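Asks:
Numbering (the working numbering), first residue to last: 10 to 98.
1. Run the CB neighbour count on residue 52, radius 10 Å, all protein chains shown included, and call it buried at 16 or more, exposed below.
2. What are the start and end residues of the alpha helix (DSSP H) that includes residue 32?
3. Going by Cα to Cα distance, which pick from 72, 50, 90, 33 is closest to residue 59?
4. List the whole-angstrom C-beta distance separating residue 70 from residue 48, where the pair is believed to meet the contact cut-off of C-beta under 8 Å.
5. Pick out whichever of 55, 75, 21 has its Cα sitting closest to the Cα of residue 88.
6. Give a yes or no on whether the C-beta atoms belonging to residue 82 and residue 66 are separated by under 8 Å.
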C-alpha cells in the first residue's frame, strides 16, 4: 500500500508514472493502444530506463507495451538529440 502512496503523493505525475500506476492497479491492458501519447520527458525517461537496465529495443517494447518501431524511432531521436551533442571530439 505504501508503494501506491508514493505515486499518489507526487505533486506532478508524468505519463510514465500514470501508466505504471494504472498497470499496478488494473494489470496491463494489451487492447487499448490507440490513445497512448508521450511527452519528450516521458520518452527521455523510457530511454534512460533502457540504458540503465541494459535492455534491447525488443525487451523495452515488451516491458512498456510499445511497438518495436516506436522504440527504434525514439532511440534514434534520443541518440541524436541528447547524447551526441554531449560527445566532444
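We put the CB at the ideal spot given by N, CA and C, even for glycine. None of these values were measured; they are calculated from a predicted model.
Replies: Taking the definition as stated:
1. Residue burial annotation: residue 52 is buried, with at least 16 other C-beta atoms found within 10 angstroms of its C-beta.
2. Taken as a continuous stretch (DSSP letters only), the alpha helix (DSSP H) holding residue 32 covers 24-35.
3. It is 72 whose Cα lies nearest to the Cα of residue 59.
4. About 19 Å; that fails the 8 Å criterion.
5. Proximity to residue 88 across 55, 75, 21 peaks at 55, based on C-alpha coordinates.
6. It is not a contact, given that the beta carbons lie outside the stated cut-off.
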